[in-house]
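Trainee: Residue numbers (this note's numbering): 40 to 242. Dropping the structure in here first, questions after.
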C-alpha cells in the first residue's frame, strides 16, 4: 500500500513539479514556501494521515537580504556540542579556508568554504578576538550573516605551548613509524593540527 501511495503521489505531482526549476538557496524566500501540489496530492491519496512536515517547517525564517549593505556582519560560531558565538555583530571575520585566509565583510557574496586548522580572527573596531579552528565549514549568506561550524574551536590564549610541542613530537614520531595508509593518514592529521596550533599564538 505504501508503494502504491508513493507512486500515486509521484504521478500527481510530476506534471508541474518537474517543469518547475529549483531556485538557488540564495534566491529562496525569507519565509519557507509550502508545496501545495504535494499537500493536495497527499490528502487525495492518504486520507487519514496529515502530510509530513519538512525540516524547513521547524526552522526560523532567515532574515531577508537587505536592499543596501549593512554596516555590520552577524556571525555564529557553533561546535557539535555548544555554541561559542551567537548572533554577534562584528566588522569583519577572517577564517582559515583551505584555499587560504579569507576575509569576510558585510555584503560578502554567498559562499561555502571548507576550513583547515588555523586561526579565525573576529574584528570589532579596534578589538580582535582570535580562535583556533581545527576544521569545519563556513557558510556566508547574502544577507550579511555568516555561520561558522567547526569540530573544535578555542580562544588562542587557552593554548598550552608545552602540550602542543609534546603532541607534535608524538605525532611526528607516529608518522615516521607508520606502516599502513590508515596509520599514515591519522598521524599526518595530527601533525597538521599540532603544527597549526604551534603557530596559532603568533597568527
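We treat Cβ as the ideally placed atom computed from N, Cα and C, and that holds for glycine. Bear in mind that the values here come from a model prediction, so they are computed numbers and not experimental data.
Do you know how far the Cα of residue 156 is from the Cα of residue 231?
Mentor: So the alpha carbons of these two residues sit roughly 7 Å apart.
Trainee: Quick one: grab the DSSP three-state call for residue 233.
Mentor: In this structure, residue 233 counts as helix in the three-state DSSP scheme.
Trainee: Could you tell me the alpha carbon to alpha carbon distance between residue 179 and residue 185, rounded to whole angstroms?
Mentor: Cα-Cα distance, rounded: 5 Å.
Trainee: Considering only the beta carbon of each residue, do residue 199 and residue 162 sit closer than 8 Å?
Mentor: In this structure, residue 162 does not lie closer than 8 Å to residue 199 by Cβ.
Trainee: Alpha carbon to alpha carbon, how far is residue 89 from residue 153? Give it in angstroms, no decimals.
Mentor: Each residue's Cα considered, the two are about 39 Å apart.
Trainee: On the three-state DSSP scale, how would you describe residue 191?
Mentor: Note: residue 191 maps to coil in three-state DSSP.
Trainee: For the alpha helix (DSSP H) that contains residue 135, what are its first and last residues?
Mentor: Residue 135 -> not in any alpha helix (DSSP H); beta strand (DSSP E) instead, spanning 131 to 136.
Trainee: If you check the beta carbons only, do residue 133 and residue 160 fall under 8 Å apart?
Mentor: Contact flag set, yes.
Trainee: Please name the residue or residues paired with residue 127 in a DSSP beta bridge.
Mentor: Answer is 114, bridged to residue 127.
Trainee: Would you mind giving the Cβ-Cβ distance between residue 326 and residue 118, rounded to the nearest angstrom? I have them listed as a contact below 8 Å.
Mentor: Limits of the chain in this structure are 40 at one end and 242 at the other, which puts residue 326 out of reach.
Trainee: Does residue 197 pass the burial test, meaning 16 or more other C-beta atoms within 10 Å, or should it be called exposed?
Mentor: Looking at its Cβ environment, which holds fewer than 16 other Cβ atoms inside 10 Å, residue 197 is exposed.
Trainee: Under 8 Å by Cβ, that's how I've got residue 194 and residue 104 pegged, so tell me the actual separation to the nearest angstrom.
Mentor: Rounded, the Cβ-Cβ distance is 32 Å, inconsistent with contact.
Trainee: By a C-beta neighbour count over all protein chains shown, 10 Å radius and 16 as the cutoff for buried, is residue 91 buried or exposed?
Mentor: Flag for residue 91 reads exposed.
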